[in-house]
Each structure stands twice: as C-alpha cells, then as structure tokens.
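Inspection log for the structure reproduced underneath, given as structure tokens.
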Amino acid sequence: MASGDARKMNTFMNFLAVFLGSGVGGCLRYALSVLFGGNLAATLAANAIGSFLIGVWTGAALPHTTRLLLTVGFCGGFTTFSTFAKESVLLLSRGQYGLFAAYLALS
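Structure, rendered in structure tokens:
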C-alpha cells in the first residue's frame, strides 16, 4: 500500500474509533440519566467519571487510535458540558443559588 493510501486508511480508522467510542459513551451517559432519574447527580457522575478516565487514559501507553477511541470518542460522548450549562442556568433562573454554587464547585 502506498504511503498516501496508508495515511488515508489511518485517518479513516481514527474517525471510526471516535465515532464508535462516542456512541458507546453517549449510550452509557443516557443510562446514567435513566438510573439517576435525570437529575444533577447523573451529570455530576458522568463528568467526574469521564474526567478521571481521560486522565488515566491520557497517561497510559496506548496506541494513538486507541487513545482517540477512549478519550475523544468514549469520554467525549460520556461527559457533557452542554447539560451542565443548561442545568446551571435552570438553577440560577429558579433562584437556587446555594445549589448552583455547590453544583459548580463539585463539577
């Protein structure tokens, strides 16, 4: 295989790894939401677990495509900044400033 073809295949495999990892991560995040009844605990758990795993997998001696699968893909699909932002705005709009401060600190 010519080097250009190998590079294209490697790029394709990287995209595939991110695609598959994010699908699994997103499904597991949804499962946490169902398990916790869709409250703040689900978002906190997903973000805490995902952040920990990103740290572990970034420091591990892994092939590049595997690292993409686990960090960009899985953890990217599993963690959620957008839900954190939405929940924070809702807490503020309801005047739940103490809960907002705790949520922000824990996140």
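For the sequence shown, position 96 matches number 1135 in this note's numbering, and the numbering has no gaps at all.
Where a beta carbon is used, it is the ideal one built from N, C-alpha and C, also for glycine.
- Less than 7 Å divides the Cβ of residue 1089 from the Cβ of residue 1117.
- Across the structure, residue 1074 and residue 1045 are spaced so that their CA atoms are roughly 43 Å apart.
- One thing to note: residue 1111 has its Cβ within 7 Å of the Cβ of residue 1057.
- With at least 16 other beta carbons inside 10 angstroms of its own, residue 1119 counts as buried.
- With a contact defined as Cβ atoms closer than 8 Å, residue 1052 and residue 1104 qualify at about 5 Å.
- Residue environment analysis places residue 1114 among the buried positions, since at least 16 neighbouring C-beta atoms fall within 10 angstroms of its C-beta.
- Within 10 angstroms of the beta-carbon of residue 1133 lie fewer than 16 other beta-carbons, which makes it exposed.
- Cβ atoms of residue 1130 and residue 1123 stay farther apart than 8 Å, at about 11 Å.
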